[in-house]
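K.L.:
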């Protein structure tokens, strides 16, 4: 539908004009649900008032509690925050490096595993079993245990050529764990592509691999971008777990400062850093999901 006027296929409820973007059958409920029209401003004010009252009540209860002075001094010390924040932020660059490197390998390895699990036919049964065992194993073991087992176990073998870099084993552990999760996301996207499209590609002379590469995977990847971004937000946060191997990243530095000053404010400062970079990503994921829903609603309305 162009902007010059409403489409003839758009539904208008009897008794008055309607929003041209209103889906069929929504009637007068659509403005109420989305807060449009005259009730929109009132709903906004009600939401602001209720939110202010709720969080204001929680703040009053916390501040008036008997232990608040000790909590404020131990967790929200302004001088400690200003002194530790720049130092922790400088070490956070290491977390970004770990996350970015692991993300590249996760995208590649997870796609391979998802394709192996999606191969049809009895001849590929061993590959499907191996891929399923991989996802079950690394989704079942906590991430920190995988980091500890690889980081301390592999160098302890004393095998020739086995590196002892804490960075390497931390990145490898994160890659193995998150590849199992991302592979399932990929597989869901692959299975969402209708089999008729594969059949059409095969009828045009494409091989099974060419059909997967040129027809299935492009559609599957586009459909799973929001959940992929959610997994990468989790990967970004779990990059802090490599400190258990002795890597002085942002979490390691925050703990060093905390243990030296006997104050937990550096951990709060690190939390602020993580929140500052994860919330925009989460809102971006929400925007992608909302855009996809709008596209589906507009398609259904036509």
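Numbering (our numbering), first residue to last: 1332 to 1633. Where a beta carbon is used, it is the ideal one built from N, C-alpha and C, also for glycine. All figures in this text were calculated on a predicted structure; none of them were measured in a lab.
1. By the DSSP assignment, the alpha helix (DSSP H) with residue 1493 in it spans what residues?
2. So residue 1510 and residue 1444 are supposed to be a Cβ contact under 8 angstroms. How far apart are they, rounded?
3. By the DSSP assignment, the alpha helix (DSSP H) with residue 1536 in it spans what residues?
4. Quick one: Cα of residue 1482 to Cα of residue 1608, how far?
5. Within 10 angstroms of its Cβ, does residue 1617 collect 16 or more other Cβ (buried), or is it exposed?
6. Would you say residue 1599 and residue 1407 are within 8 angstroms of each other, going by their C-beta atoms?
7. In angstroms, rounded to a whole number, what distance separates the CA positions of residue 1426 and residue 1541?
8. Start and end of the alpha helix (DSSP H) containing residue 1406?
9. Is residue 1420 helix, strand or coil when you go by DSSP?
10. State the start and end residues of the unbroken alpha helix (DSSP H) segment that holds residue 1569.
11. Compute the Euclidean distance between the alpha carbons of residue 1441 and residue 1373, then round it to the nearest angstrom.
12. What residues in its chain sit with their C-beta under 8 angstroms from that of residue 1625, if we drop five residues either side in the sequence?
13. When you compare only the Cα positions, how much space is there between residue 1486 and residue 1437?
14. Within this structure, are the beta carbons of residue 1572 and residue 1475 separated by less than 8 angstroms?
15. Considering only the alpha carbon of each residue, which of 1492, 1557, 1447, 1384 lies closest to residue 1612?
16. Do you know how far the Cα of residue 1586 is from the Cα of residue 1403?
17. Can you look up residue 1603 in the DSSP assignment and give me helix, strand or coil?
18. Alpha carbon to alpha carbon, what distance is there between residue 1397 and residue 1384?
19. For residue 1507 versus residue 1477, is the C-beta distance shorter than 8 angstroms?
20. Out of 1429, 1562, 1567, point me to the one whose CA is closest to residue 1578's CA.
21. Is residue 1543 buried or exposed, if buried means 16 or more other CB atoms sit within 10 Å of its CB?
22. Is the beta carbon of residue 1495 closer than 8 angstroms to that of residue 1576?
P.N.:
By the coordinates alone:
1. The residue you call residue 1493 lines up with position 162 of the chain shown. Element bounds for residue 1493: n/a, residue is neither H nor E.
2. Numbered from 1 along the chain shown, position 179 holds the residue referred to as residue 1510. Numbered from 1 along the chain shown, position 113 holds the residue referred to as residue 1444. Contact flag correct, Cβ pair sits at about 6 angstroms.
3. By 1-based counting over the chain shown, the position of residue 1536 is 205. Premise fails: residue 1536 is in no alpha helix (DSSP H) and is neither H nor E.
4. As a first step, residue 1482 must be located in the chain shown, where it is residue number 151. As a first step, residue 1608 must be located in the chain shown, where it is residue number 277. Computed Cα separation, rounded: 27 angstroms.
5. To locate residue 1617, count along the chain shown from 1; it is residue 286. With fewer than 16 other Cβ atoms within 10 Å, it is exposed.
6. Here residue 1599 refers to the residue found at position 268 when the chain shown is read from its first residue. Here residue 1407 refers to the residue found at position 76 when the chain shown is read from its first residue. Yes. Within cutoff.
7. Here residue 1426 refers to the residue found at position 95 when the chain shown is read from its first residue. Here residue 1541 refers to the residue found at position 210 when the chain shown is read from its first residue. Cα to Cα, residue 1426 sits roughly 38 angstroms from residue 1541.
8. Taking the chain shown and counting its residues from 1, one reaches residue 1406 at position 75. Run containing residue 1406: 1399-1406, per the alpha helix (DSSP H) assignment.
9. Here residue 1420 is taken as the residue at index 89 of the chain shown, counted from 1. Residue state, collapsed to three classes: helix.
10. The residue you call residue 1569 lines up with position 238 of the chain shown. First-last of the alpha helix (DSSP H) with residue 1569: 1556-1569.
11. The residue you call residue 1441 lines up with position 110 of the chain shown. The residue you call residue 1373 lines up with position 42 of the chain shown. Cα to Cα, the separation comes out at about 48 angstroms.
12. Along the chain shown, one-based indexing puts residue 1625 at 294. Nothing listed; no residue qualifies.
13. If you number the chain shown from 1, residue 1486 lands on position 155. If you number the chain shown from 1, residue 1437 lands on position 106. Residue 1486 and residue 1437: Cα-Cα distance of roughly 23 angstroms.
14. Numbered from 1 along the chain shown, position 241 holds the residue referred to as residue 1572. Numbered from 1 along the chain shown, position 144 holds the residue referred to as residue 1475. Result yes, Cβ atoms of residue 1572 and residue 1475 sit closer than 8 angstroms.
15. Working through the chain shown from its first residue, we reach residue 1612 at position 281. Closest by alpha carbon: 1557.
16. As a first step, residue 1403 is located in the chain shown; it is residue number 72 there, counting from the start. As a first step, residue 1586 is located in the chain shown; it is residue number 255 there, counting from the start. Their Cα atoms are separated by approximately 18 angstroms.
17. Indexing the chain shown from 1 puts residue 1603 at position 272. In this structure, residue 1603 counts as helix in the three-state DSSP scheme.
18. By 1-based counting over the chain shown, the position of residue 1384 is 53. By 1-based counting over the chain shown, the position of residue 1397 is 66. Cα to Cα, residue 1384 sits roughly 22 angstroms from residue 1397.
19. Against the chain shown, residue 1507 aligns to sequence position 176. Against the chain shown, residue 1477 aligns to sequence position 146. Yes.
20. As a first step, residue 1578 is located in the chain shown; it is residue number 247 there, counting from the start. Considering only alpha carbons, the answer is 1429.
21. For the purposes of this step, residue 1543 is identified with residue 212 of the chain shown, where counting begins at 1. Classification of residue 1543: buried, given that the 10 Å Cβ count is 16 or more.
22. In the chain shown, the residue the question calls residue 1576 occupies position 245. In the chain shown, the residue the question calls residue 1495 occupies position 164. For residue 1576 and residue 1495, no; Cβs fall outside 8 angstroms.
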